[in-house]
Amino acid sequence: MGSSNSNEREYLGVLEDGVTNGEFHDMDVRIVVNALLGALNWTSRLPSPTPKRRRIVDVNVKFDYHVKNA
Numbered sequence: 000m001g002s003s004n005s006n007e008r009e010y011l012g013v014l015e016d017g018v019t020n021g022e023f024h025d026m027d028v029r030i031v032v033n034a035l036l037g038a039l040n041w042t043s044r045l046p047s048p049t050p051k052r053r054r055i056v057d058v059n060v061k062f063d064y065h066v067k068n069a
């Protein structure tokens, strides 16, 4: 299996555990993971004047926002 399937399984596991433990709202984790991976896929292609380290922080902040508000 490719790394994308591995990444998808990793995200699915994290979100499923979070929902089960009450850390995240109830959600369709597969839809959220697909949306997240699609968004992350495009962030690497967008031009940015900010340093790479800053872009990584921005992605993490956006991820947290979307998961908490899903």
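Numbering of the sequence shown is given in numbering that gives the first Met the number 0, commencing with residue 0 and proceeding in unit increments.
Note that CB positions come from ideal geometry on N, CA and C, so glycine has one too.
Straight-line Cα distance separating residue j from residue i
| i | j | result |
| --- | --- | --- |
| residue 60 | residue 31 | 16 angstroms |
| residue 23 | residue 29 | 14 angstroms |
| residue 10 | residue 63 | 13 angstroms |
| residue 57 | residue 42 | 10 angstroms |
| residue 20 | residue 68 | 17 angstroms |
Beta-carbon gap between residue i and residue j smaller than 8 angstroms
| i | j | result |
| --- | --- | --- |
| residue 7 | residue 39 | no |
| residue 18 | residue 26 | yes |
Close Cβ partners of residue i (< 6 angstroms) along its chain, the five nearest in sequence each way excluded
| i | result |
| --- | --- |
| residue 15 | 28 |
Given residue i as reference, the closest of the options once Cα atoms are compared
| i | options | result |
| --- | --- | --- |
| residue 66 | 34, 41, 42 | 34 |
Contact set for residue i: own chain, Cβ-Cβ below 8 angstroms, skip 5 residues either direction
| i | result |
| --- | --- |
| residue 4 | none |
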